[in-house]
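Protein chains in written order, with our numbering: chain S, 1 to 331; chain Y, 1001 to 1317.
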């Protein structure tokens, strides 16, 4: 029988992060600002101690370690916050250390719940796995998060994750097949917004505003509009109509946006991000990683971890990572 | 302190909603006037506890800070009507796009030697207390008047003082900005729906993503480009999306928009300065009802082409 961590016990719960990069940092910053969990109950692990985010995490009072196994031992909810192609190595390493209490939450874009369950089933009968897609504004507690629930995760596990993620922004459950579309929209969305803000500020500067003021006003205008929309039952088009008085400045501006196909560019962007996410997921499912991709990671350091043997990884062309025969030697 | 609004439309509704949510002034200390009692916003204002009247003069008498929140071409009529009722305590704050402080002072100097006038440009998100407001100070308004206005407007969002000549650029950017944002969220939601999301979720996620990003930028010392870089991991989904946006000249469209709104604002200001209003524009207003106001005489206005409204010979009693 499973020992469940009740949602009401969230403040007695420990959270671990495999990975200590941008995402782990953003989530920890948000969680601690929200007061939903104390920093000393959080452990983060990474073989790379030089990351600037590692220093920040340490400053926040998080327990930092180079051992993924230690992060696993010290946590109840374990976030996998590493790059997608590192996930298989991590799962092989920590698989033996997963216990009944563990809730594994993967944040890796394109990595399916079933691929993670498949790996962990080598070590236990009913691994509790969830998958989430969030975004960087969790750092200011205005994130957008969706999550999907694996075969062995229960309703309470979903509620627990939702409670955590709702402390740092909007959070809702979805079917897993929607996650790549969410990636295209709110995963990548902040990048579209930063680009827009840079351009709006350029417009303001062209018309005579000092840069700082232009950036400030542009960001405030977007923030205010988004908040109006979230607080309102009205259609975005209705709200747009209300700003556009007859013959006024706004409707003149809107005409130019429409003439340039502004809307279409944004639809294209969401589509492109979603399609690329599916591509990455497909490559991962093929269970092949190119040597170049491997080189881009901190694979050398991953290989230094206890429990990982070099025989499980070949840097010849087209490495097959999920093949049991090249399974990692257990310590 | 009491606050009055000449006008009871969208802007007044948004400001009152924001002020009362902020608790910066009680609604019973707010008076709003409009000749048109059928406006949906007027009904909502009443429900909020605001004193509604059809008499602009009554609003003036009941207030210390008086916002002029009517369409730009109505301003001259209003000033002629309330001019005699302005007293030393009054701080006049014009929210009318394109109407210069000097044009307002010129009108009021007929009645008073040192009218305290300020001009502000705000935007509709004041309604949810996330507005963007700038203001400029007239000749006879002093430092305290500026601080007072800033205190009021800061309760509903960002507020800062600027030189008056920047106000039309601000109009193009944050005045019209919400319209660009609503259009963007509509399109983002279309993108999400195309890729399989239900509409409500797509709108929610799109708006939340924009809000979160804007909040990050406001809270950060970093350049928007740096924040963009932080989101775009190598070979990932985001950089693929950014490429298609750039290919379509996304940034340029937004610069165009800010420029167009600013230029149109300057055009409207120029037309107002010419002190001529087309007959069609007048017809579009509730002029008939304005003329029904006590103190406004029909001899001051003719519906021939190219009317000069500020001519001393057409001065109202």
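For every residue, glycine included, the Cβ atom is placed at its ideal position computed from N, Cα and C. Treat the numbers as computed from the prediction; the structure is a model and nothing was measured.
Proximity of residue i and residue j at Cβ, strictly below 8 Å
i, j, result
"residue 144 (chain S)", "residue 1205 (chain Y)", "yes"
"residue 1215 (chain Y)", "residue 137 (chain S)", "yes"
"residue 1184 (chain Y)", "residue 254 (chain S)", "no"
"residue 272 (chain S)", "residue 1244 (chain Y)", "yes"
"residue 1126 (chain Y)", "residue 1157 (chain Y)", "yes"
"residue 1141 (chain Y)", "residue 1116 (chain Y)", "yes"
"residue 226 (chain S)", "residue 1011 (chain Y)", "no"
"residue 98 (chain S)", "residue 176 (chain S)", "no"
"residue 1059 (chain Y)", "residue 1100 (chain Y)", "no"
"residue 256 (chain S)", "residue 1051 (chain Y)", "no"
"residue 1118 (chain Y)", "residue 1093 (chain Y)", "yes"
"residue 1083 (chain Y)", "residue 1111 (chain Y)", "yes"
"residue 195 (chain S)", "residue 1242 (chain Y)", "yes"
"residue 42 (chain S)", "residue 28 (chain S)", "yes"
"residue 252 (chain S)", "residue 1266 (chain Y)", "no"
"residue 21 (chain S)", "residue 72 (chain S)", "no"
"residue 1237 (chain Y)", "residue 187 (chain S)", "yes"
Proximal residues to residue i (C-beta, below 6 Å), its chain only, five neighbours per side dropped
i, result
"residue 104 (chain S)", "78, 129"
"residue 2 (chain S)", "Note that residue 2 (chain S) scores a pLDDT of 42, beneath 50, so its modelled location is shaky; the value from the coordinates is reported in the next line. Excluding positions up to five away in sequence, the list reads 100."
"residue 1262 (chain Y)", "1168, 1169, 1172"
"residue 1284 (chain Y)", "A caution first: residue 1284 (chain Y) carries a pLDDT of 48, below 50, which makes its placement in the model unreliable, though a value can still be read off. Closer than 6 Å at Cβ, skipping near neighbours: no residue."
"residue 6 (chain S)", "Interpretation of residue 6 (chain S) is limited by its pLDDT of 47, a score under 50 that renders its predicted location unreliable; the figure taken from the coordinates is listed afterwards. There are no such residues."
"residue 201 (chain S)", "214, 215, 218"
"residue 1001 (chain Y)", "1064"
"residue 119 (chain S)", "91"
"residue 1028 (chain Y)", "1049"
"residue 1194 (chain Y)", "none"
"residue 1176 (chain Y)", "1261"
"residue 1091 (chain Y)", "1065, 1116, 1145"
Beta-carbon proximity list for residue i, same chain, < 8 Å, skipping 5 on both sides
i, result
"residue 1039 (chain Y)", "1008, 1009"
"residue 68 (chain S)", "18, 45, 90, 93, 94, 305"
"residue 1013 (chain Y)", "1041, 1044, 1045, 1127"
"residue 205 (chain S)", "211, 214"
"residue 70 (chain S)", "43, 45"
Where residue i meets chain C, residues with beta-carbon distance less than 7 Å
i, result
"residue 250 (chain S)", "Given the protein chain composition of this structure (S and Y), no chain C is represented."
Per DSSP, cross-strand counterpart(s) of residue i
i, result
"residue 182 (chain S)", "Paired residues: none, contrary to the question."
"residue 1133 (chain Y)", "Y:1159"
"residue 337 (chain S)", "The requested residue 337 (chain S) is not part of the displayed model; chain S covers only 1 to 331."
"residue 1032 (chain Y)", "Y:1005, Y:1052"
"residue 131 (chain S)", "S:106, S:148"
"residue 1011 (chain Y)", "Note: residue 1011 (chain Y) sits in no beta bridge, so no partner."
"residue 77 (chain S)", "S:15, S:103"
"residue 63 (chain S)", "S:43"
Same chain, Cβ closer than 7 Å to residue i, neighbours up to 5 away in sequence not counted
i, result
"residue 277 (chain S)", "109, 110, 180, 183, 184"
"residue 250 (chain S)", "243, 244"
"residue 1224 (chain Y)", "1217"
"residue 1114 (chain Y)", "1140"
"residue 169 (chain S)", "137, 138, 141, 142, 143, 144, 145"
"residue 1199 (chain Y)", "1189, 1193"
Along the stretch 167-187 of chain S, what residues have a CB closer than 9 Å to any CB found in chain Y?
Answer in chain order: 169, 170, 172, 174, 177, 178, 180, 181, 182, 183, 184, 185, 186, 187.
Contact residues within the stretch 192-206 of chain S, judged by C-beta distance below 8 Å to chain Y
In summary, the residues of the stretch 192-206 of chain S whose CB is separated from some CB of chain Y by less than 8 Å are 192, 193, 194, 195, 196, 197, 198, 199, 200, 201, 202, 203, 204, 206, in the order they occur in the chain.
Residues within the stretch 209-232 of chain S neighbouring chain Y, beta-carbon criterion of under 9 Å
For the stretch 209-232 of chain S, the set of positions with a beta-carbon nearer than 9 Å to some beta-carbon of chain Y reads 209, 210, 213, 214, 215, 216, 217, 218, 219, 220, 221, 222, 223, 224, 225, 226, 227, 228, 229, 230, 231, 232 in chain order.
Alpha helix (DSSP H) runs contained entirely in the stretch 3-58 of chain S, provided each spans 4 or more residues
Counting only runs of 4 or more, we get 22-34.
Please specify which runs of the alpha helix (DSSP H), each continuous and at least 4 residues long, are wholly inside the stretch 1199-1244 of chain Y, giving them in chain order.
Qualifying alpha helix (DSSP H) stretches, in chain order: 1199-1219, 1224-1231.
Which runs of the alpha helix (DSSP H) fall wholly inside the stretch 1042-1120 of chain Y and span at least 4 residues, in chain order?
As for any alpha helix (DSSP H) of minimum length 4 sitting wholly inside the stretch 1042-1120 of chain Y, the runs are 1056-1061, 1075-1082, 1101-1108, ordered along the chain.
Which residues, in chain order, does the stretch 1052-1076 of chain Y contribute to contact with chain S at a C-beta distance below 9 Å?
Listed by position, the residues of the stretch 1052-1076 of chain Y near chain S (Cβ gap below 9 Å) are 1071.
For the stretch 1199-1211 of chain Y, which residues have a CB atom closer than 9 Å to at least one CB atom of chain S, in sequence order?
The stretch 1199-1211 of chain Y vs chain S, Cβ under 9 Å: 1201, 1202, 1203, 1204, 1205, 1206, 1207, 1208, 1209, 1210, 1211.
Can you give me, in chain order, the residues of the stretch 1147-1172 of chain Y that have a beta carbon less than 9 Å from any beta carbon in chain S?
Within the stretch 1147-1172 of chain Y, contact with chain S at the beta-carbon level (separation under 9 Å) is assigned to 1157, 1158, 1160, 1162, 1165, 1166, 1168, 1169, 1170, 1171, 1172.
Taking beta-carbon pairs under 9 Å, can you tell me which members of the stretch 137-167 of chain S lie near chain Y?
Answer in chain order: 137, 138, 139, 140, 141, 142, 143, 144, 146.
Which residues, taken in chain order from the stretch 1113-1144 of chain Y, show a beta carbon closer than 7 Å to some beta carbon of chain S?
Result list: 1123, 1124, 1125, 1127, 1128, 1130, 1131, 1132.
Near-chain Y residues of the stretch 250-264 of chain S - C-beta to any C-beta below 9 Å:
Legend: CB atoms of the stretch 250-264 of chain S lying less than 9 Å from CB atoms of chain Y belong to residues 250, 251, 252, 253, 254, 255, 256, 257, 258, 259, 260, 261, 262, 263, 264.
Against chain Y: residues of the stretch 26-55 of chain S by CB proximity under 9 Å:
Contacts with chain Y (Cβ-Cβ distance below 9 Å) from the stretch 26-55 of chain S involve no residue at all.
Selection of the stretch 103-134 of chain S by Cβ proximity to chain Y, strictly under 7 Å:
Across the stretch 103-134 of chain S, CB contacts with chain Y closer than 7 Å involve 109, in sequence order along the chain.
Entirely enclosed alpha helix (DSSP H) segments - the stretch 186-211 of chain S, minimum 4 residues
Within the stretch 186-211 of chain S, complete alpha helix (DSSP H) segments of at least 4 residues are found at 189-206, given in chain order.
Taking a cut of 8 Å between CB atoms, which residues from the stretch 262-281 of chain S lie near chain Y?
Taken in chain order, the members of the stretch 262-281 of chain S whose beta-carbon sits within less than 8 Å of a beta-carbon on chain Y are 262, 263, 264, 265, 266, 267, 268, 269, 270, 271, 272, 273, 274, 275, 276, 277, 280.
To be precise: take each residue of the stretch 1028-1044 of chain Y, compare its Cβ to all Cβ atoms of chain S, and keep it if any distance is under 7 Å. Which residues remain?
Within the stretch 1028-1044 of chain Y, no residue qualifies.
Proximal residues, the stretch 1004-1022 of chain Y versus chain S, C-beta separation under 7 Å:
Listed by position along the chain: 1010.
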